[in-house]
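First up is the structure itself, then whatever we jot down about it.
There are 6 protein chains.
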Amino acid sequence: MTSGPFSFPMKDLYITDLTRFENQQVTGFFVASAKQFRAKKDSSRYLAVNLADRTGQIECRMWDASEVGDFNNGDVIKVKGLVCRYQEKLQINLDKIRLAAPGEYDLADFVPHTVRSIDEMWAELNGFVDSFSNVHLKALLRAFLDDQEIAGALRHAPAAKALHHAWIGGLLEHIVSLLGLCELTAKHYPEIDRDLLMTAAVLHDIGKLRELSWGTSFDYTLEGQLVGHISIGVAMVESKIAQLDSFPQDLRILVLHLILSHHGKYEFGSPKLPMIPEAVLFNYLDDLDAKMQTMRSEFARAEAAGKAPDQMTDWVRAMERPLLNTNGLLKR
Amino acid sequence: MTSGPFSFPMKDLYITDLTRFENQQVTGFFVASAKQFRAKKDSSRYLAVNLADRTGQIECRMWDASEVGDFNNGDVIKVKGLVCRYQEKLQINLDKIRLAAPGEYDLADFVPHTVRSIDEMWAELNGFVDSFSNVHLKALLRAFLDDQEIAGALRHAPAAKALHHAWIGGLLEHIVSLLGLCELTAKHYPEIDRDLLMTAAVLHDIGKLRELSWGTSFDYTLEGQLVGHISIGVAMVESKIAQLDSFPQDLRILVLHLILSHHGKYEFGSPKLPMIPEAVLFNYLDDLDAKMQTMRSEFARAEAAGKAPDQMTDWVRAMERPLLNTNGLLKR
Amino acid sequence: MTSGPFSFPMKDLYITDLTRFENQQVTGFFVASAKQFRAKKDSSRYLAVNLADRTGQIECRMWDASEVGDFNNGDVIKVKGLVCRYQEKLQINLDKIRLAAPGEYDLADFVPHTVRSIDEMWAELNGFVDSFSNVHLKALLRAFLDDQEIAGALRHAPAAKALHHAWIGGLLEHIVSLLGLCELTAKHYPEIDRDLLMTAAVLHDIGKLRELSWGTSFDYTLEGQLVGHISIGVAMVESKIAQLDSFPQDLRILVLHLILSHHGKYEFGSPKLPMIPEAVLFNYLDDLDAKMQTMRSEFARAEAAGKAPDQMTDWVRAMERPLLNTNGLLKR
Amino acid sequence: MTSGPFSFPMKDLYITDLTRFENQQVTGFFVASAKQFRAKKDSSRYLAVNLADRTGQIECRMWDASEVGDFNNGDVIKVKGLVCRYQEKLQINLDKIRLAAPGEYDLADFVPHTVRSIDEMWAELNGFVDSFSNVHLKALLRAFLDDQEIAGALRHAPAAKALHHAWIGGLLEHIVSLLGLCELTAKHYPEIDRDLLMTAAVLHDIGKLRELSWGTSFDYTLEGQLVGHISIGVAMVESKIAQLDSFPQDLRILVLHLILSHHGKYEFGSPKLPMIPEAVLFNYLDDLDAKMQTMRSEFARAEAAGKAPDQMTDWVRAMERPLLNTNGLLKR
Amino acid sequence: MTSGPFSFPMKDLYITDLTRFENQQVTGFFVASAKQFRAKKDSSRYLAVNLADRTGQIECRMWDASEVGDFNNGDVIKVKGLVCRYQEKLQINLDKIRLAAPGEYDLADFVPHTVRSIDEMWAELNGFVDSFSNVHLKALLRAFLDDQEIAGALRHAPAAKALHHAWIGGLLEHIVSLLGLCELTAKHYPEIDRDLLMTAAVLHDIGKLRELSWGTSFDYTLEGQLVGHISIGVAMVESKIAQLDSFPQDLRILVLHLILSHHGKYEFGSPKLPMIPEAVLFNYLDDLDAKMQTMRSEFARAEAAGKAPDQMTDWVRAMERPLLNTNGLLKR
Amino acid sequence: MTSGPFSFPMKDLYITDLTRFENQQVTGFFVASAKQFRAKKDSSRYLAVNLADRTGQIECRMWDASEVGDFNNGDVIKVKGLVCRYQEKLQINLDKIRLAAPGEYDLADFVPHTVRSIDEMWAELNGFVDSFSNVHLKALLRAFLDDQEIAGALRHAPAAKALHHAWIGGLLEHIVSLLGLCELTAKHYPEIDRDLLMTAAVLHDIGKLRELSWGTSFDYTLEGQLVGHISIGVAMVESKIAQLDSFPQDLRILVLHLILSHHGKYEFGSPKLPMIPEAVLFNYLDDLDAKMQTMRSEFARAEAAGKAPDQMTDWVRAMERPLLNTNGLLKR
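Residue numbers (UniProt numbering), protein chains in the order written: chain A, 1 to 332; chain B, 1 to 332; chain C, 1 to 332; chain D, 1 to 332; chain E, 1 to 332; chain F, 1 to 332.
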């Protein structure tokens with residue numbers, strides 16, 4: 001996990017810049033992956049490695065394997081080499097490689113991150129919690145937000161490995177968007193307990209802090225694979241409640257139920273169906289917010305791939321259909 | 001379909017009042033159903049008929065069948081008879097029956113109806129339409145709302161035969177609730193075209209005006225059964241658009257798409273999946289509003305059946321689970 | 001929950017005995033349910049109530065409601081009355097009712113219970129745990145079995161509200177049967193970690209101690225409905241592990257995974273699919289043992305209903321098919 | 001859409017002929033697609049483009065991009081170049097490219113088309129309609145067939161973008177085959193209304209005239225994607241009926257129902273299940289005729305790929321199984 | 001199983017006639033079922049038994065149990081008694097009961113049977129077989145039809161216990177209807193091997209001769225339940241082929257495949273999907289013919305229940321939808 | 001099928017050895033597949049062929065096609081050539097090819113085979129059968145095991161084409177493992193008929209002897225594709241029983257039922273669901289043994305691919321999840 005941003009040196013060279021440097025020497029910091037030694041015809045060996053940052057990835061070769069320093073997949077390394085083209089694709093023939101020092105780079109340059117300000121979103125989140133009238137729920141959420149380890153993670157965690165909000169700060173961005181929706185819909189449906197609904201927004205994915213790891217790439221932890229964020233989240237909430245004075249038993253059951261049921265269906269990994277109004281409503285909001293973000297990403301991807309704004313996207317697997325950006329169509 | 005309310009005489013006696021009149025003579029207006037002549041031991045015949053109003057239903061007998069006047073199932077009749085108890089259930093032994101005259105009763109007394117003011121909701125609906133900035137969509141909706149036949153039906157239609165909002169004015173109530181949700185969520189997601197979304201709210205179920213009949217009971221029409229409200233609605237919109245000047249072709253396709261996809265899944269009868277952001281969002285709002293109303297009805301039913309407010313309801317078939325009213329639980 | 005058995009007075013009269021007492025006075029202890037006051041023709045009231053014990057249930061009436069003492073559904077009461085027949089069914093016309101005192105009855109007479117000795121099964125369970133070579137898993141299980149509150153509940157809990165092993169001691173009986181299967185199959189598949197597999201057998205349903213209540217009838221608790229035995233069990237294990245010294249983190253994840261995945265499929269309420277050999281194997285054993293018990297019960301029910309041993313049972317809903325007892329067929 | 005056939009020059013050279021011209025100069029007309037300019041090592045650019053006709057497709061290069069004339073994907077172009085082999089695949093190195101003039105080619109040479117005579121099938125279709133005894137249905141179908149725009153499209157439309165009958169004239173071929181089946185089965189089942197059944201055969205896919213576009217390739221229109229051929233067809237029928245005198249309302253509902261239900265299941269995009277005998281029967285015939293054609297295509301494809309006639313085909317995705325041509329097997 | 005018809009005495013009195021005999025003495029032959037002795041208040045016993053024939057069923061009582069002769073459920077008995085009405089339903093108070101002698105009744109009067117002539121249908125079936133040009137298939141079918149035991153059963157077997165064609169002669173009626181469809185469609189699709197397709201029509205359900213029993217009621221045999229008509233049929237065909245000279249191996253596999261795949265889907269009990277054109281086609285024809293017959297039965301049932309010919313039927317469970325008789329609608 | 005092992009010459013060179021011979025001449029025996037002649041630039045032809053043995057596969061070229069001798073895909077050939085590297089992959093440029101003589105090789109070297117001794121497993125199987133107390137079942141199994149053709153096949157057949165136990169001797173290995181499980185579980189559940197259960201273990205997949213072919217590769221036979229091992233097995237058992245004296249009819253039905261139901265679900269190709277305790281139990285054991293073997297194979301494959309023992313495998317398609325080897329994890 002990263003700590004506070006803004007204190008690191010700017011990254012000079014991104015993968016997407018490399019097209020401008022064909023046949024030139026370049027120097028830069030990248031994350032290594034798929035490191036492999038392969039045999040040459042003369043039985044000596046060369047290094048094949050992929051370099052990546054948050055803008056993309058490139059295949060590289062270092063022909064003199066004896067010069068390769070000590071590094072592992074996932075490490076940030078500093079490299080120097082010649083950008084050239086092989087079988088119509090760019091690659092870098094590396095001359096030098098060394099492990100980057102911790103202070104030389106900002107992790108945020110290597111993985112995608114939110115376009116919103118984390119500090120602003122964090123303030124927004126705290127503002128919502130401060131507005132609670134239910135003292136027990138406010139105390140529970142403060143116990144999470146005032147826990148420095150959790151707060152540090154919550155400011156940076158992605159909301160997913162690969163689907164919606166899969167970037168640094170994505171979980172926080174998703175939570176804050178949901179809190180806005182909760183505010184609006186709780187007014188529309190007066191039978192809804194606003195604080196309970198908002199508690200679901202803050203805690204429903206809290207287990208992702210331990211389900212996912214987000215260093216130079218996003219991945220599942222062993223606990224994430226075998227236990228999953230829903231059950232991890234339940235355990236985290238049980239643990240915090242155990243430290244609070246006189247948290248009502250019924251309220252505890254309701255909060256756990258909101259986490260357990262937020263995927264809405266058994267086949268989506270929820271061991272309980274939503275059985276209270278707040279759980280039914282929250283399941284819709286959570287799913288909706290994810291889908292809205294998925295559509296934004298797909299429209300951006302289609303545009304990047306050269307589709308006209310009034311064309312349908314290709315088949316979107318996550319939604320099992322192609323999509324159409326209404327804005328593009330209405331403007332033509 | 002009913003015309004304007006408030007001009008009819010008050011109904012004096014409701015089915016739910018009858019327990020107070022056991023062993024007494026009563027007179028009142030009710031809707032007839034399940035009318036049948038049965039043989040007595042002496043081979044003469046008697047009449048068996050059910051009488052109903054919006055509060056319930058009761059089995060009745062008229063032992064002298066020769067006195068039975070001319071009426072059909074679905075007619076409102078005026079009856080006189082003795083309330084008695086047979087095999088632990090109340091019934092009325094009828095002495096007199098006659099067909100009620102049109103001016104003698106208010107249809108609204110015989111079927112469930114909304115607790116909100118229809119005039120107020122109608123004004124709210126018109127207010128939303130007046131706020132449109134898209135002149136084409138505004139013109140389309142005005143074409144519907146200014147059509148006296150449609151307006152008359154839309155003020156009274158139920159939203160369903162038996163599930164959510166199954167009462168006079170239910171469709172209008174559902175539309176107005178959706179328009180409120182559209183206003184809120186269109187602000188939350190700036191990529192959403194507010195007027196297009198609201199057009200879906202007004203028109204998505206417009207085909208129910210011809211799918212359902214709502215006289216003294218709610219039922220499907222033949223067209224409703226064999227064509228269905230989605231396709232009827234599409235035809236109604238096509239017909240109105242054909243009368244408008246220069247309605248843009250692309251916009252026409254989007255409006256039709258919103259109607260066709262609003263059930264969200266093929267297996268729910270939508271021949272198209274939502275493929276534009278407004279359709280994706282609207283499907284969530286429509287489904288959510290129906291579920292919130294279903295929960296309200298189920299909690300009311302459970303309370304009427306004597307459940308404590310902090311108890312789970314029985315199995316709710318429409319949602320395939322039991323439900324729990326959070327309010328009841330949190331107050332204990 | 002009941003405490004130690006064998007110290008209570010024998011129950012003299014069971015529901016199944018009543019056919020021998022038609023038109024006679026009887027006295028006995030039963031559990032009350034469906035208590036209701038109904039109006040008589042003369043507007044006075046009478047009591048309608050169902051009486052039950054572990055052999056069955058009967059409808060009763062007490063015509064003089066003023067004599068009805070103070071009791072609630074679920075209470076054990078002592079009654080005196082006349083067994084008679086009304087519309088071809090037996091009922092009791094009650095003369096006297098009073099609440100039973102705690103010492104007057106054995107709860108076990110009112111709910112079905114295991115035919116095996118609880119003490120023997122408890123010893124068997126402890127013997128298996130003593131045989132563990134993995135000190136961490138042995139310590140974890142001892143923490144459960146040595147917890148007096150848990151042990152007391154575990155000796156009596158049913159394994160289900162209505163399906164397989166739905167009787168007092170049923171959960172323990174199911175666990176002990178599974179431990180036997182674990183012993184056998186762990187030998188057959190040497191890659192299986194026997195102690196880990198047996199830990200699953202003991203803990204997989206431990207959450208049922210809080211999911212179910214078993215007084216005079218079996219029911220779900222609120223926590224059972226909204227949280228469920230899988231998540232309750234996870235929390236109970238997390239809590240016990242937190243009190244142990246140096247329980248290995250990976251082992252903790254594996255134990256939690258075994259509980260979370262033991263239903264084998266998402267649609268059966270498991271939020272995780274079995275991903276380790278012990279979890280895959282355990283899911284088969286658990287499901288198999290439940291099905292074998294279901295078949296035993298169905299064959300007993302069919303026999304009780306007068307089916308010949310070589311006839312198929314009626315449709316068995318829990319297995320979506322009729323069944324045939326091979327033993328009966330092979331002997332003919 | 002194409003206009004009348006037979007007036008265009010013969011195409012001299014097809015993609016499948018090119019193997020005979022390796023290392024020779026060729027000249028011919030083809031449809032362009034995937035047109036792209038790519039950078040050469042010396043930073044100048046070359047053209048990469050695919051050329052196709054109804055027999056197949058080939059990758060081409062034009063190394064001097066400055067000679068590339070003005071054309072778009074989908075255009076028919078005349079090219080001259082050298083057929084050569086690169087990495088074991090044929091390609092053409094182009095010397096000259098120019099846009100073809102409308103009179104120089106027959107569109108039918110560039111897309112697959114029916115092997116039957118369109119004029120003969122058209123006459124057959126009209127013969128069936130002339131045989132109707134139901135004057136209303138005959139008038140409705142004549143309104144379609146006498147509409148020059150519709151008739152022109154109906155003579156050439158494919159029945160699908162990619163599955164069964166995906167060729168010029170495919171829809172007409174499918175309709176005529178269905179009419180034959182309707183004639184036979186209406187005799188077998190006397191309760192069937194022959195004219196109503198045949199009306200379904202003619203109109204069930206009429207919306208495909210606007211769902212698909214078939215110029216130099218087959219594709220979905222925007223209306224096709226967002227509205228779909230079922231709903232388009234319903235609107236087309238409503239529009240024609242509105243222009244007819246006194247078309248019976250019930251008959252109108254039945255015709256719409258036949259179109260709406262012809263896919264037979266919700267999950268196949270039918271918003272209504274077949275509820276009348278003609279709809280149930282027609283759904284079987286439509287599905288059967290498509291499957292029979294799919295099998296013919298798959299056997300032809302397997303034979304082209306060198307399978308022996310008595311061998312099973314590879315996995316056929318559209319039917320989720322491999323297939324076997326009985327004829328081939330029985331002859332061995 | 002019955003042998004030749006027409007040699008038995010006419011049945012004089014049917015269940016449906018009894019309404020005309022209220023309060024009169026009647027005498028007649030009926031099938032007994034649900035025979036039971038029950039206790040009277042004075043502890044003596046009375047007989048309760050249901051009597052049935054192919055037109056319906058009635059509850060009966062014989063108050064003096066000592067007079068009840070020896071008979072079992074399923075037996076045809078001759079009874080004498082008084083038709084009276086109890087709680088608005090007719091019943092017979094029996095005075096005399098005796099077992100009917102084999103020659104006194106025609107089994108066909110007690111179970112529903114085809115309205116077509118069995119002899120005519122048998123001739124039709126043999127005519128189709130005689131028309132075969134494939135000598136092997138003709139020999140195979142003759143081996144079945146010339147087997148007296150099989151022929152006797154095939155002339156009378158129902159096609160199902162409760163669904164379509166559930167009457168004596170129903171299987172033969174279904175086969176003959178299918179043969180007609182085979183003739184028609186084999187002409188329409190020239191790639192179809194007519195004799196092979198017709199072999200499927202004759203043999204696909206041949207296992208029902210051992211799956212079902214049809215004495216005085218229709219039921220499953222043990223072999224029917226545990227093995228099923230598909231596998232029984234395969235074994236019967238294997239057995240007949242083993243007795244034929246030089247039946248080609250490939251043809252044997254195709255015939256077995258047609259039987260195994262005729263239900264079309266795994267979930268309908270076919271262990272193989274149709275993989276040859278004849279199997280694909282036959283699955284449609286078989287399913288279609290069953291559905292057409294189901295619709296006929298449902299329309300007859302609705303009419304019997306008093307529905308108007310232009311009304312939708314109630315929900316038809318076998319087809320999961322209500323149905324509408326087009327004929328009724330078009331005539332109004 | 002192979003005959004007795006141990007009499008063939010050792011294979012000297014395996015595919016996996018070739019990396020040690022880069023740029024060297026090699027000679028060896030391999031199975032040919034994908035034999036194809038391709039055109040060279042000068043219009044002469046060269047041979048492309050794949051060579052395989054049980055350790056892997058390699059692409060080869062023979063540039064002088066005139067030297068290619070006569071052989072077909074599936075034949076074992078002896079080749080001589082130079083191992084070289086083309087586009088980073090090894091291939092052999094062949095100089096000589098000739099068909100291998102039957103005595104020159106052991107088929108077992110060319111396809112994967114069990115690591116257990118076939119003779120030992122065969123003895124184990126016979127031991128189990130000798131222990132039967134049910135004389136009919138013992139006679140039935142002896143009829144199979146004493147049939148030399150069946151015994152020869154059963155000793156070598158794989159249990160599948162590609163999934164679990166897909167190697168020579170795999171079916172026997174699977175049977176023997178199941179017999180062990182049957183012994184254990186029949187003791188645990190005393191209501192189980194041990195001999196009947198074991199009969200299922202031996203015969204459930206007996207139809208695979210004709211469903212699969214296993215020469216130099218594993219494949220489906222035509223009968224396997226169109227009839228399937230379940231129905232083939234049923235026919236084989238029917239045939240053997242027909243030759244036995246007085247095999248009880250009910251027992252015959254039970255044995256057939258065990259085969260027909262052993263896949264446990266319709267969608268897995270079982271035309272009958274397990275309806276007797278032995279069938280229910282056997283379905284679990286069969287599925288379990290397959291899954292345990294699948295996991296072993298997947299862990300071996302992951303290890304071969306360089307995964308650490310405590311890492312999750314990649315997605316395992318046959319089980320629709322990734323897997324984790326507990327042993328690896330617990331040892332870290």
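All C-beta atoms in this analysis are idealised placements derived from N, C-alpha and C, irrespective of residue type, glycine included.
CB contact check: residue i to chain A, cutoff 8 Å
i	result
residue 91/D	no
Same chain, Cβ closer than 6 Å to residue i, neighbours up to 5 away in sequence not counted
i	result
residue 164/B	290, 293 and 294
residue 4/B	With a pLDDT of 40 at residue 4/B, under the threshold of 50, the modelled position of that residue is not reliable, and no figure is offered here.
residue 182/E	197, 198 and 201
Of the residues the options, the one placed nearest residue i, counting alpha carbons only
i	options	result
residue 286/F	204/F, 253/F, 96/F and 184/F	204/F
residue 253/F	266/E, 246/E and 211/E	211/E
residue 169/E	113/E, 130/E and 134/E	113/E
residue 331/F	317/C, 251/C and 299/C	251/C
8 Å contact criterion, which residue i and residue j should meet: CB distance rounded
i	j	result
residue 236/A	residue 269/A	Not confirmed; about 17 Å, so no contact.
Pair within 8 Å by beta-carbon distance, residue i and residue j
i	j	result
residue 234/F	residue 259/F	yes
residue 47/F	residue 68/F	yes
residue 228/E	residue 272/F	yes
Residue-chain proximity (residue i, chain F), Cβ-Cβ < 8 Å
i	result
residue 312/D	yes
residue 1/A	In this predicted model, residue 1/A has a pLDDT of only 36, less than 50, meaning its place in the structure is not dependable enough to derive any value.
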